[in-house]
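What follows is a set of notes on a single structure, which appears directly below.
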Amino acid sequence: MVIENDTDFRELLNGIFERTESFDLVGSFSSIEEFGVALTQRRPSVDWIPELLVVDVMSSTNPRSESASFISALRAEGLIFATLFVSSMEFGALLRVLRKSHPQGWAALQKNSRLTEHDVIEAAIAACSEMHGK
């Protein structure tokens, strides 16, 4: 499942996950709020949440908000899924904070012109492997 507010990058990610045999793309959203509405409509959501969420940290429609807090709150509710964050920002401090409450299943990629399809899939696999303790 992809949550990305940049239309072009969302389409790029969708294409990557549609082409790979490692994952099934089961949804794509333009904001964390749009994802939240869909999640609310599908309660209980345990069956709806896929193994992996690919999330732009700044995919909120509210400029004062970010998606990492929402994703962390879902995990606090007991939902189990790996998360691959993508953004143009650095992730070191953010991942350290998230790992304090939920130690496993996180990966991050910084958006840049050198990012490849292989990089995305490898990071996604790493997040899922870590989530399952492999």
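Under my numbering, the first residue of the sequence shown is numbered -16, with each subsequent residue one higher. Backbone N, C-alpha and C fix where the C-beta goes; we use that ideal spot for every residue, glycine too. Keep in mind the model is a prediction, meaning the values are calculated, not measured.
Fewer than three beta-carbon pairs drawn from the stretch -4 to 10 and the stretch 55 to 64 are found closer than 8 Å, and the two stretches are therefore not classed as touching. Assignment of ILE104 by DSSP, reduced to helix, strand and coil, places it in the helix class. Its chain contains LEU36, VAL38, ILE54, GLY88, TRP89 and ALA110 as the residues whose beta carbon lies nearer than 7 Å to that of THR66, once the 5 sequence neighbours on both sides are disregarded; these appear in chain order. Closest in alpha carbon position to SER96, among VAL(-15), GLU(-13), ASN(-12) and PHE(-8), is PHE(-8).
Nearest to LEU57 by alpha-carbon distance, out of ALA106, GLU1 and LEU22, is LEU22. The beta carbon of SER43 sits closer than 7 Å to those of SER14, ILE15, GLU16, GLU49 and SER50, all from its chain and outside the five residues before and after it, given in chain order. In the three-state DSSP reduction, ILE(-14) falls in the strand class (E or B). The straight-line gap separating the alpha-carbon atoms of GLU105 and THR99 is approximately 10 Å. Using a 10 angstroms sphere on the CB of VAL69, the tally of other CB atoms reaches 16 or more, which defines it as buried.
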